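Colleague:
Protein chains: 2
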Amino acid sequence: MGLSHIYMALVHHPVYDKGRRVVTTSITNLDLHDLSRLAKTFGLGGLYIVQPSHLQAELARRIIGHWEKGAGASYNETRRVAFAMIELVPSIEEMVKRVEEKTGREARLVATTGRKHPGQVDYRQGKKILKDGSVSIIMFGTGWGLSDDLVTSSHMVLEPIVISDDYNHLSVRCAAAIIIDRLFGK
Amino acid sequence: MGLSHIYMALVHHPVYDKGRRVVTTSITNLDLHDLSRLAKTFGLGGLYIVQPSHLQAELARRIIGHWEKGAGASYNETRRVAFAMIELVPSIEEMVKRVEEKTGREARLVATTGRKHPGQVDYRQGKKILKDGSVSIIMFGTGWGLSDDLVTSSHMVLEPIVISDDYNHLSVRCAAAIIIDRLFGK
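Structure representation (C-alpha cells):
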C-alpha cells in the first residue's frame, strides 16, 4: 500500500513563541527543502505549509517558483520534484477542507508535540493505527510547538520523542524526519 | 550505558559536488543548529565539523560564538548547550587524532552514504555492532556525499536509507536524524 493518503503539515500558526504566546512564525527556506524531500522520499500525498500571513506566503511562493520554474528547475531536478509536493494554505481549517475535497474522505488530524498530553499514543501504536488506510495529516509545529488548542482538538496525539531526560530540543526538521521514519520506515 | 563514546561528524571535505568532483563545501548555519541539537538529544560525545577552509571555519566560529557567549547565550540556553558539542577540525585525520587523544582508545570510522557499496551493513546489524562500546565516529557527507575513498577506508559503511525506489534525496539534516534514531533510538 502506498502512502499517498498521508499528508504532512508544517504549521506556522497556531504555535507558541518562547513566552508561550500563540503567534504566527516566519517561513524558513530550509524547512521547505527538507520537509518536501522528506515527504517525497516516503511517497506521501503532499506537504501543506500552514501560513496565514499573505506576505509570508508570497515569500514561500517565490522560493518555490525559483526551483519549480526558474533558474533552479534545470539545475536541480530532485528539488523541483520535491517542491511540487508543497501547497500553501492560510489555516488548518482550509487545509482540512482541501484534503477532504481532494480525497473525498474525512481527514484525521495527527498532532506531534514535545509536551505531555493525556491520551498520547506511542510510535508503535501510531504506526498500527495509521495502517488502517484513513486519510491522515501529520502536523509539525514551528516555533515552540503547536498550540494546546490545536493538539487537544486533533484526532490523535503522538508522544514526544524522548531520548534522554535532560535534553530534548530537536529542530522541527530532525523531529519530523525521525517521526515519519518511525511511522512509515521499514 | 551512555553514548558519550559515540561521535558525529559533518564532513565538508572530501565530498562530491553535483558533477562528482571531490570538493570542499561551505558551512550551512542550520546544519550546526540541527546536528548539535541531535547529538545533544541523543547524549553523544560530540559533533565534529570537518572543514579545511580557514575562512569557512572562522565563519562557523563566529556563529557558534554568538550563541555561546554573545547575545544569543542568554536568549536561548538550549542552543548554547547544543553548540558546546561542536568542535571544528581541518581534516578527517585530525578528527580521529583528537578523538583518540581524548578517549585514549582507537576510533572506529562509520560512513553513511546514499550509494551502494560492497559490505554495507543494515541498521539492525549496525545497531548491534555499535553496542560493543567501541569509540565510534558516524560521518555524514554534505554536498553530494562522502568521497568513495573515505567510504571504502572506513571501518563500517551503513546502507543508504532506501524508502522507495524512485526518490531518495533527503537533506543531510533529515538523513542524520533518521540514522541516529535507527542506531540509538529506543
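Each protein sequence line maps, in turn, to chains A and B.
When we follow the working numbering, the leftmost residue of the first sequence carries the number 1, and every step to the right adds one.
When we follow the working numbering, the leftmost residue of the second sequence carries the number 1001, and every step to the right adds one.
A virtual CB, placed ideally from N, CA and C, is assigned to each residue, including glycine.
On a predicted model such as this, the values are computed, not experimentally measured, just so you know.
Compute the distance between the beta-carbons of B:Val-1099 and B:Val-1157, then report whether it is under 8 Å.
Modeller: In this structure, B:Val-1157 does not lie closer than 8 Å to B:Val-1099 by Cβ.
Colleague: Buried or exposed: where does A:Val-15 fall if 16 or more other Cβ atoms within 10 Å of its Cβ makes it buried?
Modeller: Per the 10 Å Cβ criterion, buried.
Colleague: Give the C-beta separation of B:Arg-1037 and A:Leu-88 to the nearest angstrom, bearing in mind that I take them to be a contact with Cβ-Cβ under 8 Å.
Modeller: Wrong, their Cβ atoms sit about 27 Å apart, outside the cutoff.
Colleague: How is the beta strand (DSSP E) around A:Val-135 delimited, first residue to last?
Modeller: Per DSSP, A:Val-135 belongs to the beta strand (DSSP E) from 135 to 141.
Colleague: Which residue marks the beginning of the alpha helix (DSSP H) containing B:Val-1162, and which one marks its end?
Modeller: Segment: none, B:Val-1162 is in no alpha helix (DSSP H) and carries neither H nor E.
Colleague: Output yes or no for whether 8 Å exceeds the beta carbon distance between A:Met-139 and A:Val-11.
Modeller: In this structure, A:Val-11 lies closer than 8 Å to A:Met-139 by Cβ.
Colleague: Flag A:Tyr-167 as yes if its beta-carbon sits less than 8 Å from any beta-carbon of chain B, otherwise no.
Modeller: Output row for A:Tyr-167: interface = yes.
Colleague: Specify the secondary structure class of B:Ile-1129 as computed by DSSP and reduced to three states.
Modeller: B:Ile-1129 falls in the helix class under three-state DSSP.
Colleague: What residue range does the alpha helix (DSSP H) around A:Arg-37 cover?
Modeller: Run containing A:Arg-37: 29 to 41, per the alpha helix (DSSP H) assignment.
Colleague: Helix, strand or coil, according to DSSP, for A:Met-85 in the structure here?
Modeller: Looking at A:Met-85 - three-state DSSP - the assignment turns out to be coil, as it is neither helix nor strand.
Colleague: DSSP three-state label for B:His-1005, please.
Modeller: Reduced to three states, the DSSP call for B:His-1005 is strand.
Colleague: What is the rounded straight-line gap between the Cα of B:Pro-1151 and the Cα of A:Val-96?
Modeller: Before going on, a small fix: residue 1151 of chain B reads as Val here, not Pro. Each residue's alpha carbon lies about 45 Å from the other.
Colleague: Could you check how far apart the C-beta atoms of A:Ile-163 and B:Gly-1185 are, in whole angstroms? I think they sit under 8 Å.
Modeller: Correct: roughly 7 Å between the Cβ atoms.
Colleague: Note down, in chain order, each residue of its chain lying with its Cβ closer than 6 Å to the Cβ of B:Ala-1071, except the 5 sequence neighbours on either side.
Modeller: Correct list: empty, nothing qualifies.
Colleague: Determine the direct distance from the alpha carbon of B:Ser-1004 to that of B:Lys-1161, and round the result to whole angstroms.
Modeller: The identity of residue 1161 of chain B in the sequence shown is Ile, whereas the question assumes Lys. Their backbone Cα atoms lie some 25 Å apart in a straight line.
Colleague: Using a C-beta to C-beta distance shorter than 9 Å, which residues of chain A count as neighbours of B:Val-1022?
Modeller: Chain A residues near B:Val-1022: none, gap ~20 Å exceeds 9 Å.
Colleague: Does the beta-carbon of A:Tyr-51 have 16 or more other beta-carbons within 10 angstroms, so that it is buried, or is it exposed?
Modeller: One detail in the question is off: residue 51 of chain A reads as Gln in this sequence, not Tyr. The residue in question, A:Gln-51, is buried, as its Cβ has 16 or more Cβ neighbours within 10 Å.
Colleague: Alpha carbon to alpha carbon, how far is A:Leu-35 from A:Ala-177? Give it in angstroms, no decimals.
Modeller: Between A:Ala-177 and A:Leu-35, the C-alpha separation is close to 8 Å.
Colleague: Any beta-carbon of chain A closer than 8 Å to the one on B:His-1033?
Modeller: Yes - at least one Cβ of chain A is within 8 Å of the one on B:His-1033.
Colleague: Taking 8 Å as the CB-CB cut-off, is A:Phe-140 touching chain B?
Modeller: No, its Cβ sits nowhere closer than 8 Å to a Cβ of chain B.
Colleague: Closest to B:Thr-1142 by CA distance: which of B:Ile-1006, B:Asp-1017 and B:Asp-1165 is it?
Modeller: Of the candidates B:Ile-1006, B:Asp-1017 and B:Asp-1165, the one whose C-alpha sits nearest the C-alpha of B:Thr-1142 is B:Asp-1017.
Colleague: Within 10 Å of its beta-carbon, does A:Tyr-75 have 16 or more other beta-carbons around it, so buried, or fewer, so exposed?
Modeller: When all chains shown are included, A:Tyr-75 counts as exposed.
Colleague: Identify which residue in B:Ala-1073, B:Gly-1119, B:Ile-1049 and B:Gly-1133 has its Cα closest to the Cα of B:Glu-1094.
Modeller: Ranking the options by Cα distance to B:Glu-1094, first place goes to B:Ile-1049.
Colleague: Are B:Met-1085 and B:Ala-1057 touching if we call contact CB-CB under 8 Å?
Modeller: No, Cβ-Cβ distance for B:Met-1085 and B:Ala-1057 is not below 8 Å.
Colleague: Assign B:Arg-1080 to one of three DSSP states: helix, strand, or coil.
Modeller: Reduced to three states, the DSSP call for B:Arg-1080 is helix.
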